[in-house]
Structure formats: C-alpha cells, structure tokens
Amino acid sequence: MNKTEWPLWEIFIRSQHGLAHKHVGSLHAADAEMAMHNARDVYTRRNEGVSLWVVRSSDITASSPGEKDLMFEPANNKVYRHPTFYEVPEEVKHI
Amino acid sequence: MVHDNALFQYLLRLGDNCLIMGQRLSEWCGHGPVLEEDLALTNVALDLIGQARLWLSYAAHVEGGARDEDQLAFLRDAGDFHNVLLVEQPNGNFADTIARQFYFDTWYYFLLLDLQRSANPRVAEIAEKSVKEVAYHVRRSADWVVRLGDGTDESHAKMQAAIDQLWSYTGELFASDGMDEALQQQKVTFDPAKLRAPWVDHVASVLDEATLRLPEQTWMQRGGREGVHSEHLGYLLAEMQFLQRAYPGAHW
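Chains as they are written, first to last, in the working numbering: chain W, 1 to 95; chain C, 1001 to 1252.
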C-alpha cells in the first residue's frame, strides 16, 4: 500500500474580534478544499473564528534562523525608530 | 399519560436516528484513517448526539414527563427504538461509513428543510437549528464519495461496493404509515415520499461526478421505524447502555 502523506497546510484563523488572521497550526490534506474542511474540524471546534485561510506549507518562504543577525540585528540598535522621543500632547488619545 | 402518541413516536424516530448514527460514528474515535478525519467523524457524531438530545428531550416532554431524555436513550430495549435500519449498520471500512453517511445526511438535510415549516413551533425550531450542522455534513460526505469514487482503482471499487451494499436500506427513509398521516394532516410533518425525488437527484449527481453507478432498483429492507431491527442494534445498545444498566442513575 502506498503510504505517501498528504501535503502539509498552514492554517490561519481570524477570531471573532481580531482584525488579522493568525497562524494557529498545521494539518495534512490532499487539496485546498479538504484542507478547508479539515481546518474547520480541527481548529474551530470551540468557536475560535469567523474566517479561515489555508496555505500550503511549501508555498511559504521563511527567513532562515541562521541569518538572524543579518536580518534583525540592524533594527536592534536604532532606538530612534521607536516613537518614544516624541512628546505626546495630553489631548491626543489612543496612541 | 401521553398527550400525543403520534408526535411522541415521530420524535422518537427522529431522535433515535440521530442517537444511533452518532453512536456508530463515535466508534471511529481513535480509529480514523488520519488524525484530521478522526476529528471530523467525531465532530459529526457530536453534532448528531446534540440533535438527539433536542429531539428526545422534546419527546420526553410530549410523553408527559414520566421519563427524561437520558432514560429514553439508555433504558429502552431494541424493540422500542424507532431508528431506520440504515443508521445501525456497522461501520465496515471507511467507504462503508461514508456511503451510509452520504445516504443519511442527504435524506436528513431535505427532511430538516421541510420540518422548518412545521406547524409545531418546537419541531420547526429544532429543525432550523439542526439544518446548519447537517448542511455541512452533506457537503462533507458528498465530497468523500467523489474523492473515493474518482480516486484509485481500489478506492473506486470499495466505494461502489459500499453504495450498492447499503442501497436496500434507503427505501425505508421515504415510507410512511398511519401515524405519519395523522401528523401530516396537522401539518406537523410532510409526506416523506416527496423527499425521494430531491434525494435521488442529489445522490445521482454526486455518484455521477464520482464516476460511480446508481444502484438498480431492488427489494428494500424495512422495519426499523416499527422497532424490528437488524441484529446489529442489540450489540450497539449493549455498549451504549452498559453504564446506566450496570450502575443505574450514575452521573458525573
């Protein structure tokens, strides 16, 4: 018997009050339609969301952990990029 | 004291279909072909057991309150169960389970669409709540019939065998008796024979897409609704009812 695994899919859910889809996990499925059904059954059993995205894991290009310094170190020592140097007037809310 | 025996019996039929189908599906728990499918099958089982509770608790109310939903589920013997024979058939292989589910979901979906118009408001409410879940079940089981039918040679052969094997249990879905007719006159229920045309249409179109043959007309099994069951039901009840039989009144 052919034991080939179905491809892996990454599942993203937008929750009731969330604005953006959030990665929740992965699962196996033969195609996008099955991935959608499986995502519904595996990840939305407790009222987790109102919208689902399924993406084939192989379609995701990820940054390499080995290149962490090259990628992220330059942003680490530039505090002036954080908006902490501005004085926020009293009247301005929600910043 | 039973207020309305016809309604009580009808609710038992609906509740027992859901309960026995749910119990059968839950036997897949931990045995599904893949983790995702294991969860999906048990989700459907839980949906159906939830619906069984709605039908049976209303049945208990109509009966007059002498028994509750749990006593109806766990303390009746096979002869007092009124589910159709289809739902008590064993799980078999995955294709057998899918064929049984496909026939059942399709029928139950069209039935619930009708029952939403019931003159009995409680029946209409339960139907309206249930049809949302069952709409998903119908899509899922049809999807699997197509995948397996239009899959490998082996999956095609198994799916066709399952479709053929269970066909003779589908006639009972559309039968009615004197009790049904009384309820139909009150517009509580509708003629089940009228569900046959949309059911056959849907089944035929899915089978066509799945490259499977619609089975030939044949002699149809019946009896479940009247309490005459296949031997399988006794074993199913023995497992399902064990706890309440061995430890009466046990709860958590």
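In this text, a Cβ means the ideal position worked out from N, Cα and C, and glycines have one as well. Note that the structure is predicted; figures quoted are calculated from it, not measured.
Buried versus exposed, by CB contacts within 10 Å (16 or more), residue i
{"i": "PHE1094(C)", "result": "buried"}
{"i": "CYS1018(C)", "result": "buried"}
{"i": "PHE1110(C)", "result": "buried"}
{"i": "ASP59(W)", "result": "exposed"}
{"i": "ARG1213(C)", "result": "exposed"}
{"i": "MET71(W)", "result": "exposed"}
{"i": "GLU1231(C)", "result": "exposed"}
{"i": "ARG86(W)", "result": "Note that residue 86(W) corresponds to Tyr in the displayed sequence, not to Arg. Its Cβ having fewer than 16 others within 10 Å, TYR86(W) is exposed."}
{"i": "VAL965(C)", "result": "Because chain C is modelled from 1001 through 1252, residue 965(C) falls outside the range shown and cannot be assessed."}
{"i": "LEU1183(C)", "result": "buried"}
{"i": "LEU1075(C)", "result": "exposed"}
{"i": "GLY1178(C)", "result": "exposed"}
{"i": "ASP1208(C)", "result": "exposed"}
{"i": "PHE1081(C)", "result": "buried"}
{"i": "ALA1006(C)", "result": "buried"}
{"i": "THR1152(C)", "result": "exposed"}
{"i": "SER63(W)", "result": "exposed"}
{"i": "ASN1274(C)", "result": "This structure cannot settle anything about residue 1274(C), because the visible part of chain C is limited to 1001 through 1252."}
{"i": "HIS23(W)", "result": "exposed"}
Which residues DSSP lists as bridging residue i, in chain order
{"i": "LEU8(W)", "result": "HIS28(W)"}
{"i": "ILE13(W)", "result": "LYS22(W), LEU52(W)"}
Where residue i falls: helix, strand or coil (DSSP)
{"i": "TRP53(W)", "result": "strand"}
{"i": "HIS23(W)", "result": "strand"}
{"i": "ARG1076(C)", "result": "coil"}
{"i": "ILE60(W)", "result": "coil"}
{"i": "ARG1122(C)", "result": "helix"}
{"i": "TYR86(W)", "result": "coil"}
{"i": "TRP1144(C)", "result": "helix"}
{"i": "HIS94(W)", "result": "coil"}
{"i": "LEU1104(C)", "result": "The question names Leu, but residue 1104(C) in the sequence shown is Phe. It is helical."}
{"i": "SER1176(C)", "result": "coil"}
{"i": "LEU1214(C)", "result": "coil"}
{"i": "PRO1090(C)", "result": "coil"}
{"i": "LYS78(W)", "result": "coil"}
{"i": "GLY1022(C)", "result": "helix"}
{"i": "ASP1068(C)", "result": "coil"}
Whole-number beta carbon distance between residue j and residue i, since they are thought to touch under 8 Å
{"i": "ALA39(W)", "j": "VAL55(W)", "result": "No, ALA39(W) and VAL55(W) are not in contact; Cβ-Cβ is about 11 Å, not under 8 Å."}
{"i": "THR1189(C)", "j": "ASP1201(C)", "result": "Not confirmed; about 21 Å, so no contact."}
{"i": "GLU5(W)", "j": "HIS28(W)", "result": "6 Å"}
{"i": "LEU1025(C)", "j": "THR1042(C)", "result": "7 Å"}
{"i": "TRP9(W)", "j": "SER51(W)", "result": "No, TRP9(W) and SER51(W) are not in contact; Cβ-Cβ is about 16 Å, not under 8 Å."}
{"i": "SER1168(C)", "j": "GLN1101(C)", "result": "The pair is not a contact, with the Cβ atoms about 17 Å apart (cut-off 8 Å)."}
Minimum C-alpha distance to residue i - residue among the options
{"i": "ARG1122(C)", "options": "LEU1056(C), GLN1089(C), ILE1098(C), PHE1102(C)", "result": "LEU1056(C)"}
{"i": "TYR1103(C)", "options": "ARG1140(C), ALA1119(C), LEU1007(C), TRP1028(C)", "result": "ARG1140(C)"}
{"i": "ASP1077(C)", "options": "LEU1046(C), ARG1245(C), GLY1249(C), LEU1025(C)", "result": "ARG1245(C)"}
{"i": "PRO1192(C)", "options": "LEU1112(C), GLY1092(C), HIS1031(C), ALA1175(C)", "result": "ALA1175(C)"}
{"i": "HIS1156(C)", "options": "LEU1148(C), GLU1063(C), VAL1084(C)", "result": "LEU1148(C)"}
{"i": "LEU1236(C)", "options": "LEU1011(C), GLY1022(C), TYR1010(C), LYS1129(C)", "result": "GLY1022(C)"}
{"i": "GLU1063(C)", "options": "GLY1171(C), TYR1010(C), PRO1033(C), LEU1115(C)", "result": "TYR1010(C)"}
{"i": "ALA1040(C)", "options": "TYR1136(C), ALA1060(C), GLU1128(C)", "result": "TYR1136(C)"}
{"i": "ALA1250(C)", "options": "VAL1131(C), GLY1227(C), ASP1070(C)", "result": "ASP1070(C)"}
Taking beta-carbon pairs under 7 Å, can you tell me which members of the segment 1025 to 1043 of chain C lie near chain A? Absent here is chain A; the protein component of the structure consists of chains W and C.
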